[in-house]
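Asks: Counting in this note's numbering, the final residue of the sequence shown is number 392, and the numbers go up one at a time with none missing.
Where a beta carbon is used, it is the ideal one built from N, C-alpha and C, also for glycine.
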Amino acid sequence: MSGFDEYKLGDLLTFQRGFDITKSEQQEGDVPIVSSSGISSFHNQSKSSAPGVVIGRKGSLGTVHYLKAKYWPHDTTLWVKDFKGNDPRFIYYFLQTLHLENFDVGSSNPTLNRNHLHKIRVLFPKKQQKKIAAVLSAYDDLIDNNRRRIELLEQMAEELYREWFVRFRFPGYRQAKFEKGLPVDWERKALGSLGTYLNGYAFKPSDLSLAGIPVIKIKEINGGVTAETPRNSGESIAKKYHFDDGSIIFSWSATLAVKIWDQGPGLLNQHLFKVAPVDVIPSSFLYLSIKFCLPIFDSLTTGSTMKHIKRKELDAVKIGLPGKAILEAFDRSASPLVQEKLKLSKSNQLLIEARNQLLTRLISGKLPVDQLDIQFPPSMREADAARQE
4 MSGFDEYKLG
14 DLLTFQRGFD
24 ITKSEQQEGD
34 VPIVSSSGIS
44 SFHNQSKSSA
54 PGVVIGRKGS
64 LGTVHYLKAK
74 YWPHDTTLWV
84 KDFKGNDPRF
94 IYYFLQTLHL
104 ENFDVGSSNP
114 TLNRNHLHKI
124 RVLFPKKQQK
134 KIAAVLSAYD
144 DLIDNNRRRI
154 ELLEQMAEEL
164 YREWFVRFRF
174 PGYRQAKFEK
184 GLPVDWERKA
194 LGSLGTYLNG
204 YAFKPSDLSL
214 AGIPVIKIKE
224 INGGVTAETP
234 RNSGESIAKK
244 YHFDDGSIIF
254 SWSATLAVKI
264 WDQGPGLLNQ
274 HLFKVAPVDV
284 IPSSFLYLSI
294 KFCLPIFDSL
304 TTGSTMKHIK
314 RKELDAVKIG
324 LPGKAILEAF
334 DRSASPLVQE
344 KLKLSKSNQL
354 LIEARNQLLT
364 RLISGKLPVD
374 QLDIQFPPSM
384 READAARQE
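1. Measuring CB to CB, does Asn225 end up less than 7 Å from Leu270?
2. At what residues does the beta strand (DSSP E) containing Val218 begin and finish?
3. Just to confirm, is the Cβ distance from Ile299 to Ser254 under 7 Å?
4. So, using beta-carbon positions, are Pro380 and Ser140 closer together than 7 Å?
5. What would DSSP say about Ser50, mapped onto helix, strand or coil?
6. So, under 8 Å CB-CB, Trp75 and Gln19 are touching, yes? Tell me the CB distance rounded to an integer number of Å.
7. With a 10 Å radius around its C-beta and 16 neighbouring C-beta atoms as the bar for buried, classify Asn272 as buried or exposed.
8. When the Cα atoms are used, what is the spatial distance from Pro285 to Asn149?
9. Helix, strand or coil, according to DSSP, for Val37 in the structure here?
10. Taking all protein chains shown into account, decide if Phe333 is buried (16 or more other Cβ within 10 angstroms of its Cβ) or exposed.
11. Starting from Arg20, follow its DSSP beta bridges and name the residues at the other end.
12. If you compare alpha carbons, which of Gly21, Lys129 and Lys313 is closest to Lys87?
13. Alpha carbon to alpha carbon, what distance is there between Phe22 and Leu289?
14. Determine whether the beta carbon atoms of Ala179 and Lys321 lie at a separation below 7 Å.
15. Tell me which residues share the same chain as Ile329 and place their Cβ nearer than 7 Å to its Cβ, disregarding the 5 neighbours each side in the sequence.
16. Using the rule of at least 16 other Cβ atoms within 10 Å of the residue's Cβ for burial, across every protein chain shown, is Leu365 buried or exposed?
17. Just to confirm the assignment, what range does the alpha helix (DSSP H) spanning Ser15 have?
18. For Lys73, collect the residues of the same chain with a Cβ closer than 7 Å to its Cβ; drop the 5 residues on either side in sequence, then sort them by chain order.
19. Just the C-alpha distance for Leu12 and Asp85, rounded to the nearest angstrom, thanks.
20. Relative to the C-alpha of Ser239, which candidate in Arg124, Asp265, Val125 and Phe206 has its C-alpha closest?
21. Suppose contacts are defined by Cβ-Cβ distances below 7 Å. Is Asn351 in contact with Ile146 by that definition?
22. Between Asn105, Ile377, Lys243 and Ser44, which lies nearest to Thr25 when the distance is taken from Cα to Cα?
23. Using 10 angstroms around the beta-carbon of Ala357, count the other beta-carbons present and answer buried if the total reaches 16, otherwise exposed.
24. So, under 8 Å CB-CB, Gly65 and His102 are touching, yes? Tell me the CB distance rounded to an integer number of Å.
25. Of the choices Val218, Asn202 and Ser256, whose alpha-carbon is the least far from that of Ala279?
26. Quick one: grab the DSSP three-state call for His274.
27. Look up Pro186 in the DSSP assignment and give the residues it is bridged to.
28. Taking the beta carbon of Ser382 as the centre, do at least 16 other beta carbons fall within 10 Å, making it buried, or is it exposed?
29. Quick check on the DSSP output: what are the complete beta strand (DSSP E) runs of length 3 or more inside the region 229-269, in order along the chain?
30. Tell me whether the beta-carbon of His77 lies closer than 7 Å to the beta-carbon of Ile36.
31. Enumerated in chain order, which unbroken segments of the alpha helix (DSSP H) with a length of 4 residues or greater are wholly contained in the region 292-379?
32. By how many angstroms is the C-alpha of Arg117 removed from the C-alpha of Leu211?
33. Where does Glu9 sit, in a helix, a strand or coil, going by DSSP?
34. Looking at Glu343 and Leu155, is the spacing between their C-beta atoms short of 7 Å?
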């Protein structure tokens, strides 16, 4: 391939093992501690400056993370100590194509050894790397911008909920009369009575395959559907366990979380509730009520090995429920925020898919860039400026 030459990986960069740090040693700060699965916590000291590239050494092998600010690489990682003049952003993309998880040298515990990785022979486009990184970074900048907008919309929806139903500054509140902490025409209702809570299907390992509809577990609530997500045809699974975009999915075991689903058709696994509002309850109101109550549920969790909430806890937690008119007014304000979130999320899924397809084609040389006039996106210009300081 034109412009691609063979090197040992160690000729292009130097990996260094990360630094151990216990929870008790961590101090409050804004420096991310990067473990094999990503940012796991924060500290007040860093071990490396930005930009940085970190890969999973133990646990989540071969995962690749890019850091835009100073950071602490954990002992479960390898971090790039020396880029040897290569573009850090390109190195981040390049390492993703090497499937480093296949270089496991652990016997019982999966492990990557930096000395073995340094010996890997690769084809590397020295002269084209910044152009390739620019194309891929442009996609990532759009994705990051959408993520920030999604976070802002979520914050706006949560603040709207608190303003109306916690601080009681809903339309017409100045004329409302209160009794025992609630407007007189409101009711104090159990959260469990505002919707139906369907627990997921108990899939067996023999039910799972690589094809079909994604089986959604707690992992997918937090990280989304990936190529590793198990699947099932869904043909023999009752329709009540099927769901799609807009459904409220509530993780009630291990990690408590609630999400308005945005990843397309899915099958509900056990330890998750599919929540549907009843009567005149708007979906936006029920979703934000559950989210507001998560810290309360967390304090009520039981279990010695895996904490979870029981159905009775849903009835023990009560909230103030207004009349139909206020619920409808709230939904008119909150639902557009939720719908815009879904729209941005779907846009990001398309961008991620396009970026991943380009990633393989660009770094394999199947899509040459040497003759293209490519503008560097702001994120790359900022990274270059930071490196020169």
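Replies: If we stick to the structure as given:
1. no
2. Ile216 to Ile219
3. no
4. yes
5. According to the sequence provided, residue 50 is Lys. The question's Ser does not apply to it. Three-state DSSP puts Lys50 in coil, outside helix and strand.
6. Going by Cβ atoms, the distance from Trp75 to Gln19 rounds to 13 Å, so no, they are not a contact pair.
7. buried
8. 26 Å
9. strand
10. buried
11. Leu81
12. Lys129
13. 44 Å
14. no
15. Phe173
16. buried
17. Before going on, a small fix: residue 15 reads as Leu here, not Ser. Here the alpha helix (DSSP H) through Leu15 covers Leu12 to Leu15.
18. Val34, Ser49, Ser51, Ser52 and Ala53
19. 12 Å
20. Phe206
21. yes
22. Ser44
23. exposed
24. 7 Å
25. Asn202
26. coil
27. Phe181
28. buried
29. 251-254 and 260-263
30. yes
31. 314-319 and 327-367
32. 35 Å
33. strand
34. no
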